[in-house]
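With the working numbering as the guide, the letters of the sequence shown map in order to residues 23 to 357.
We put the CB at the ideal spot given by N, CA and C, even for glycine.
Notes for the one structure printed next.
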Amino acid sequence: MEILSRVHARNLTAWAKDKPQVLVLSADLTSSCEADLFRDTYPDRFISCGIAEQNMLSAAGGLCREGFVPFIHTFGVFIYRRAYDQVAMSVAYPNLPVKMFGFLPGITTPGGATHQAIEDLALMRALPNLTVLEVGDATEVESVLDLVLAIPGPVYVRMLRGEVPRLFPADQPMRLDVPRVLQTGTDLTIVSSGICTEEALRAVAALKARGLSLTHLHVSTLKPFHNAQYGDLLGSGRRGIITMENHLVDGGLGTVVAEKCQALGLGRPLLKLGLRDTFSHGASRAYLMKEHGLDAGALIRAAETLMGTTFSITEDELAAIRIEAVHHDAKAEGL
């Protein structure tokens, strides 16, 4: 599996070259959110707002009124916990094209509860006019910029930084409200998002080797969630659905899928993997994913529950599975 470093820093700077309307706003986390190369390349289009996120969001709304498209760069928790009123009243209510990039989603950071955005999807999905996205690999980090610029209103993105794997081919960009159909089957439907998809791919490969027939969806659009494909895809697993997300099980991907199943009248058992009514703490990402049941082993245990059997898949077997770039199976004419 290819691992890339500082994908967003290089991509944003190259992408923005011919887009003078794009400004980057930072709240004193410029290098931590990979906006430093943009700052150094286009100093007249970079605004350091200091540690004042409420003012930054209000200023971004004002900049939109003057024809600019502000790209907010800070940690996710500092967007929705510190400035939720400003996001609602200065951005979402007037439906302005502020693009908010929230870094350190969920338990991707050892910074503990103050820095881990574990309830952002629940809060941001609730705001009218706001589109909510989450990237899962380097291909989506690279392609999300075109996507957010094409959306006329405000957007919140759960963004990745640092070393990021490429799970999907570079020529298959992220698309609005289009799930990546990684494979189709008839026993179970697996729905994963963000960093959980890498672990889900590992588990799905092991389960498939045991003869299980699986549908696996990677979801990068949490709102809207209207694609007509979901009826067939979510209903394809006759024994149930498992969602896996780097977020609380309340208000995020699992809730989105449950709402969609209810609206479609799909009577399927649903197991939601995620944080369960708890804050997390400081530790490595791998440790926290295992502790909170967000690793491949947890997904296998959930599959065993729904299938009523044991697959006897070991940790060593999971660790040995090599992840290749996964092609999107959905046909364009069906979208």
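Flag this pair as yes or no: are the beta carbons of serine 80 and glutamine 43 separated by less than 9 Å?
No, the Cβ-Cβ distance between serine 80 and glutamine 43 is not below 9 Å.
- Task: Take every Cβ of the region 60-74, pair it with every Cβ of the region 192-199, and state whether three or more of those distances are shorter than 8 Å.
- Result: no
In angstroms, rounded to a whole number, what distance separates the CA positions of alanine 352 and glycine 273? Reliability fails at alanine 352, whose pLDDT of 47 lies under 50, so the model's placement of it is uncertain and no value is given.
### Query
How about lysine 282: is its Cβ closer than 8 Å to a heavy atom in the ligand FMN?
The ligand content of the structure shown is nil, which means the ligand FMN is not present either.
Identity of the residue in Met311, Gly287 and Arg224 nearest aspartate 338 by Cα
Answer by Cα proximity: Arg224.
Contact under 9 Å by Cβ, cysteine 86 with asparagine 77
Cysteine 86 is not a Cβ neighbour of asparagine 77, given a cutoff of 9 Å.
Residue burial classification, proline 150 (beta-carbon count within 10 angstroms, cutoff 16): exposed
Contact set for leucine 167: own chain, Cβ-Cβ below 6 Å, skip 5 residues either direction:
Trp37
Through-space distance from alanine 250 to leucine 236, alpha-carbon basis: 20 Å
Practice item. Tell me, to the nearest whole angstrom, how far the beta carbon of proline 176 is from that of alanine 114; I am working on the premise that it is less than 8 Å. Key: That pair is a contact at about 6 Å.
**Message:** Counting C-beta neighbours from all protein chains within 10 Å, is the total for arginine 188 16 or more, i.e. buried, or is it exposed?
**Reply:** buried
- Query: Going by beta carbon distance, what residues of the same chain come within less than 6 Å of leucine 297, once the five residues before and after it are set aside?
  - Reply: Ile140, Leu270 and His314
task = Can you grab the Cα-Cα spacing for the pair phenylalanine 333 / valine 279, in whole Å?
result = 26 Å
**Message:** Among the candidates Ser112, Pro116, Ser48 and Gly84, whose CA atom is the shortest distance from the CA of phenylalanine 125?
**Reply:** With distances taken between Cα atoms, phenylalanine 125 lies closest to Ser48.
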